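Per my numbering, residue 841 is the first one in the sequence shown, and the count goes up by one each step.
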Amino acid sequence: MADENIIDGKAFAETLRGRIGDAVTSLKNDHALTPGLAVVLVGEDPASQVYVRNKGKQTIACGMESFEHRLPDSTTQAALLELIAQLNADDSVHGILVQLPLPDHIEEQAVIDAVDPEKDVDGFHVINTGRLATGAAAMVPCTPLGCLMMLQDRLGDLSGLEAVIVGRSNIVGKPMAALLISANCTVTVAHSRTRDLPAVCRRADILVAAVGRPEMIRGDWIKPGATVIDVGINRVPAAEEGKMRLVGDVAFEEAAAVASAITPVPGGVGPMTIAVLLRNTVIAACRQAGIAEPTL
Ligand code: NDP
């Protein structure tokens, strides 16, 4: 596959961050408004620590304010809800993100639903889920919105295309389906109970894989000329002993030989997720201040 058929999420995210930086400069100069993102991390999960550090760095690099709240594993649900209430009331905080997963003694949905929907930059609050499903102005979950942006950049108008999404989670599969329905695709959502998954995938002009199973989707499941978005991030043993490497849910080499375009893992969907989080924070800040939203 030629390089131009690989959808470079890293480069796309960099361009998006450039536009976000410009929008933030205008908000500061024209409206004395600095968008602020609060990230709350409970516990010591090493992967979450890395994500939170990257989010903080990129927020600052785009000229926004970053507020980090690191709480011990022993934090009670009541204490966490109290912090969220404070952040909801703080005018310098326009976006609130609670890093998941939370420790077992905390009920995740109760925490998500405590965030002010207008500050819910992850788009996981039930109000935003409902707004997205009904086509109202919502905060849209970052990973599927990043996938949609890359698809529209590559394909332009998506009207009438057959889209198959493998995976029906609340954070990827379902919001991806809502976005592609709004973009006028004919959408099928497949999952672990789907019969003859390869045949369902072969229908797809757009195939989105969000399963969490390394290289499950094979080359002969792909319709020639399809566009493939691989959301999966799976750690598998590398050739070198004791090392690990990342692979997606799609067998990349096989699929790339058949598809017209495909996102790699790493370097595809992953880098877009944080960039879209920053985009959502700028949009949230504008909506809260009653300022026209920039096109991002
Ligand atoms: P979930 O585990 O919540 O959902 C997985 C979905 O895949 C479920 O709907 C499940 O079906 C379906 N599934 C599992 N096995 C099969 C199978 N054999 N055949 C068909 N469908 C199957 O995962 P997430 O949606 O949270 O994440 C999916 C992947 O995306 C993971 O690898 C995750 O790491 C990655 N991810 C990447 C992000 C990024 O920034 N790039 C962000 C978020 C996630 P059922 O509902 O029937 O159980």
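Positions of the beta carbon are idealized from the N, C-alpha and C atoms, including for glycine.
Just so you know, these numbers come straight off a predicted model, no measurement behind them.
Legend entry - Buried/exposed call for R1119, threshold 16 Cβ in 10 Å: buried
Inset, instruction - Consult DSSP for T874 and reduce its assignment to one of helix, strand or coil. - result: coil
Legend entry - Buried or exposed by the 16-neighbour rule on C-beta atoms within 10 Å, applied to G996: exposed
Legend entry - Rounded separation between G986 and A851 - CA only: 13 Å
Inset, instruction - Grab me the residues of K793's own chain with a C-beta within less than 8 Å of its C-beta, minus the 5 sequence neighbours each way, in chain order. - result: For the chain, the structure presents residues 841 to 1136; residue 793 sits outside this window and is missing.
Legend entry - Closest by C-alpha distance to V882, when choosing among T1026, E854, I924 and G935: I924
Legend entry - Expected contact under 8 Å - CB spacing of V1027 and T1034 to nearest Å: Actually they are not in contact, since the Cβ atoms of V1027 and T1034 sit about 14 Å apart, beyond 8 Å.
Legend entry - Helix, strand or coil at S1141 according to DSSP, with G and I counted as helix: In the structure as shown, the chain starts at 841 and stops at 1136, and residue 1141 therefore has no counterpart that could be examined.
Legend entry - E1002 versus I1062, H871 and K959, residue with shortest Cα-Cα distance: I1062
Inset, instruction - Inspect the beta-carbon positions of T1103 and D1070 and report whether they are closer than 8 Å. - result: yes
Inset, instruction - Could you please give the first and the last residue of the uninterrupted alpha helix (DSSP H) stretch that includes G935? - result: That residue, G935, is in no alpha helix (DSSP H); its beta strand (DSSP E) goes G935 to V938.
Legend entry - Residue from N968, F1092 and T1067 whose Cα sits closest to the Cα of N1010: For N1010, the nearest C-alpha among the options comes from N968.
Legend entry - Contact under 8 Å by Cβ, R1008 with A1101: no
Legend entry - Reference A950, options L920, E1093 and A1095, closest by Cα: L920
Legend entry - Pick from T874, M904, G903 and H909 that is closest to Q889, judged by C-alpha positions: H909
Inset, instruction - Taking 7 Å as the limit, tell me which residues put their C-beta closer than that to any heavy atom of the ligand NDP, in chain order. - result: T983, V1006, G1007, R1008, S1009, I1011, V1012, G1013, A1030, H1031, S1032, R1033, T1034, L1037, A1050, V1051, G1052, R1053, M1056, V1071, G1072, I1073, N1074, D1089, V1109, G1110 and T1113
Inset, instruction - Kindly provide the ranges of any alpha helix (DSSP H) runs that are 4 or more residues long and lie completely inside the stretch 1037-1062, ordered along the chain. - result: 1037-1042
Legend entry - Runs of alpha helix (DSSP H) lying entirely within the stretch 914-964, each at least 4 residues, in chain order: 917-929 and 948-952
Inset, instruction - Leaving out five residues on either side along the sequence, give the residues of the same chain with a beta carbon under 8 Å from the beta carbon of G1107. - result: D848, G849 and K850
Inset, instruction - Taking M989 and V961 to be in contact with their CB atoms under 8 Å, please state how far apart those CB atoms are, rounded to whole angstroms. - result: Between V961 and M989 the Cβ distance is about 16 Å, and since that is not below 8 Å, they are no contact.
Inset, instruction - From the DSSP output, in three-state form, read off M979 for me. - result: coil
Legend entry - DSSP three-state assignment for L1118, whether helix, strand or coil: helix
Inset, instruction - Within its chain, find whatever has a CB closer than 8 Å to the CB of P943; leave out the 5 residues flanking it on each side and keep chain order. - result: V882, G883, D913 and T915
Legend entry - Nearest candidate by alpha-carbon position, reference A1050, set A1017, S1022, I1021 and G858: A1017
Legend entry - P984 (DSSP reduced to helix, strand or coil): helix
Legend entry - Residue of P1111, L991 and V1105 minimising C-alpha distance to T1067: Among P1111, L991 and V1105, the Cα nearest to that of T1067 belongs to L991.
Legend entry - Cβ neighbour criterion (16 or more within 10 Å) applied to E1093: exposed
Inset, instruction - List the whole-angstrom C-beta distance separating D1089 from R1053, where the pair is believed to meet the contact cut-off of C-beta under 8 Å. - result: 6 Å
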